[in-house]
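Protein chains in written order, with the numbering used here: chain V, 84 to 394; chain E, 84 to 394. As structure tokens, the structure follows; a few thoughts come after it.
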């Protein structure tokens, strides 16, 4: 896997992408990942435009290696954001949660490498048709926003690899050399790792959030809010209120009211473990300490190399 | 993977188990799998006692290779069933959906190899403590009855392998040489394949059910009925009624009434595609033809060997 279409596409050493996660993926995390030989992404989803611009500039100053920006397509000032990203000379953009046909042509015209995040083969084919250079195929086990069809990484990766010719980056449940190798066996040419980097030393998430995730019992995240999109989060107080409402058939309006606007920030960034929404992947239960990005790379690549040499 | 603790434990050639599935796993399927070098299981869950006894005898006549019986522990005459299985000289029993501490000692005393199906590390540790010889760790993507915690195969297998010393058989989303190899990379020593064998020529499922599953679009199964246990099924008419009821907050009694008693038989065995419950795994969307068990083994082992030799 180590040298392939994904490493060539981005000009990186290892086909390991760190997900562009809200309230986690600032310039510190993104530049550290890129400096370790992977691809770091800034998470535009939780940044106002001037903040993102600042993070892009700091990231450029902190690494000479390639990095990118993850842009959720429901971003309110998406047009200004796209213009700014082009103006700042960002070379790689990951888009998610929307139709890749809208912005891909403009980004490609500006010479930007474009990757779209999908949760099904159908969307992967659409993204390929829109001209993207690669897709991230993200399974049900991933944290945060999640596809409607609930297809898991084990089923999704072979399906997407069969459906498209462009390279596929596997996401959802990947955190180790072992799972990276499994993703490769399933046909992926790269991996996008979210949860483990969200809990790294360089992540902007609060210490309280990281500690809660690092002591998470197996099975303690759940995909909920399917009526308004589907988000995987830790089963804390807010989750219990959401579940109680869902169990009695609450509608879209009531669910939106419970969720409100600021809960992910409150949980992940400010560390309010009861009232914040704690978005994280299932695989958090297998991670037990805060590590630097370099330590994470050493561990993943060490395990991967051991497996590759026949155990 | 080919020669390991699982092949030794069962005395089989390949570490491939065919799940003991209701309305699919009769003597024809079980004996064919055992004759192909895997481990065939009879699915006791959909058989009355005399029927199961007949299938055990026919299976013995049809193969000299080891085979086993899958026993869901909520079986109404479980005590008589256990006695009959011992009396008939069955050598291997897989138990599921219950506490392994209750029947494992009696089965082990009779010289039977016991395997328990789990959906979490916690239950795997319990099963190991109860004295079982191995566990099947089954992920969220599997068809039919399913664990409460929704942990997927990609996350569950490394977790269970870390938690127990006995060998682990991976289930959920496994259907090919590629996925079998991925399961091995994740730490499993064997695989339990349900969906692909449910759709084989030797499966007792109706032609109508098989055809429906073989043309299934990706994302067209869903885990529902979580308030009464959690079952993955195809999104047909019955499913839509269940979903409509769940969305408006229907309680346990109403859901049980919709489900009734005979729907899995009606769907899988009798081929009523609208009113029957069509239990099948996510991976059905990747299977497109009825094959004999031998053809399935040839395909899986061919792909596995190719990958093992470095592609």
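Think of the CB as a built atom: it goes at the ideal place given N, C-alpha and C, for glycine as much as any other residue. From a predicted model like this one, the values you see are computed outputs, not experimental measurements.
Residue i: buried (16+ other C-beta within 10 angstroms of its C-beta) or exposed?
i, result
"residue 86(E)", "exposed"
"residue 407(V)", "With chain V covering only 84 through 394, there is no way to say anything about residue 407(V)."
"residue 131(V)", "exposed"
"residue 292(E)", "buried"
"residue 347(E)", "buried"
"residue 188(E)", "exposed"
"residue 285(E)", "buried"
"residue 94(E)", "exposed"
"residue 91(V)", "exposed"
"residue 288(V)", "buried"
"residue 157(V)", "exposed"
"residue 283(E)", "buried"
"residue 144(V)", "exposed"
"residue 194(E)", "exposed"
"residue 139(E)", "buried"
"residue 304(E)", "buried"
For residue i versus residue j, is the C-beta spacing smaller than 7 Å?
i, j, result
"residue 365(V)", "residue 208(E)", "no"
"residue 302(V)", "residue 358(E)", "no"
"residue 352(V)", "residue 106(V)", "yes"
"residue 117(V)", "residue 126(V)", "no"
"residue 335(E)", "residue 363(E)", "no"
"residue 368(E)", "residue 306(E)", "no"
"residue 168(E)", "residue 199(E)", "no"
"residue 179(V)", "residue 155(V)", "yes"
"residue 350(E)", "residue 361(E)", "yes"
"residue 44(E)", "residue 173(E)", "Nothing in the structure corresponds to residue 44(E), since chain E is present only between 84 and 394."
"residue 164(V)", "residue 176(V)", "no"
"residue 402(E)", "residue 297(E)", "The requested residue 402(E) does not occur in the structure, where chain E is confined to residues 84 to 394."
"residue 332(E)", "residue 331(V)", "yes"
Just the Cα atoms here: how many angstroms apart are residue i and residue j?
i, j, result
"residue 98(V)", "residue 295(E)", "38 Å"
"residue 265(V)", "residue 389(E)", "16 Å"
"residue 249(E)", "residue 197(E)", "12 Å"
"residue 216(E)", "residue 152(E)", "15 Å"
"residue 240(E)", "residue 272(E)", "10 Å"
"residue 314(V)", "residue 228(V)", "4 Å"
"residue 121(E)", "residue 108(E)", "14 Å"
"residue 377(E)", "residue 113(E)", "12 Å"
"residue 201(E)", "residue 246(V)", "32 Å"
"residue 148(V)", "residue 252(V)", "20 Å"
"residue 262(V)", "residue 235(E)", "13 Å"
"residue 290(V)", "residue 115(V)", "18 Å"
"residue 267(E)", "residue 103(E)", "21 Å"
"residue 210(V)", "residue 150(E)", "47 Å"
"residue 337(E)", "residue 329(E)", "10 Å"
"residue 141(E)", "residue 379(V)", "55 Å"
"residue 134(E)", "residue 161(E)", "14 Å"
"residue 226(E)", "residue 281(E)", "10 Å"
"residue 192(V)", "residue 269(V)", "33 Å"
"residue 100(V)", "residue 89(V)", "10 Å"
"residue 230(E)", "residue 183(E)", "15 Å"
"residue 345(E)", "residue 186(V)", "51 Å"
"residue 316(E)", "residue 166(E)", "33 Å"
"residue 181(V)", "residue 137(E)", "56 Å"
"residue 146(E)", "residue 374(E)", "20 Å"
"residue 327(V)", "residue 309(V)", "14 Å"
"residue 96(V)", "residue 119(V)", "9 Å"
How about residue i: is its Cβ closer than 6 Å to a heavy atom in the ligand ATP?
i, result
"residue 345(V)", "Among the components of this structure there are no ligands whatsoever, and the ligand ATP is therefore not found."
(message) Does the contact criterion of 3 or more C-beta pairs under 8 Å hold for the region 222 to 238 of chain V versus the region 251 to 258 of chain V?
(response) yes
(request) Check whether the region 308 to 322 of chain E touches the region 369 to 384 of chain E, counting contact only when three or more Cβ pairs, one atom from each stretch, lie closer than 8 Å. (result) no
(request) May I ask you to verify whether the region 272 to 280 of chain V touches the region 338 to 347 of chain V, counting CB pairs closer than 8 Å and requiring at least 3? (result) no
(request) Return the chain-ordered ranges of every alpha helix (DSSP H) run that is complete within the region 165 to 238 of chain E and spans a minimum of 4 residues. (result) 183 to 192, 204 to 212
(request) Run through the region 315 to 344 of chain V for me and flag every whole alpha helix (DSSP H) of 4 or more residues, listed as ranges in chain order. (result) 320 to 330, 335 to 342
(request) Below 7 Å between beta carbons is the criterion; list the residues of the region 231 to 244 of chain V that meet it against any residue of chain B, in chain order. (result) Absence of chain B from the displayed structure is noted, the protein chains being V and E.
(message) Restricting to runs no shorter than 3 residues, where is the beta strand (DSSP E) found entirely within the region 106 to 161 of chain V?
(response) 123 to 126, 150 to 155
(message) Please give the ranges of any beta strand (DSSP E) in the region 251 to 293 of chain E, keeping only runs that are unbroken, at least 3 residues long and fully inside the region.
(response) 251 to 254, 273 to 276
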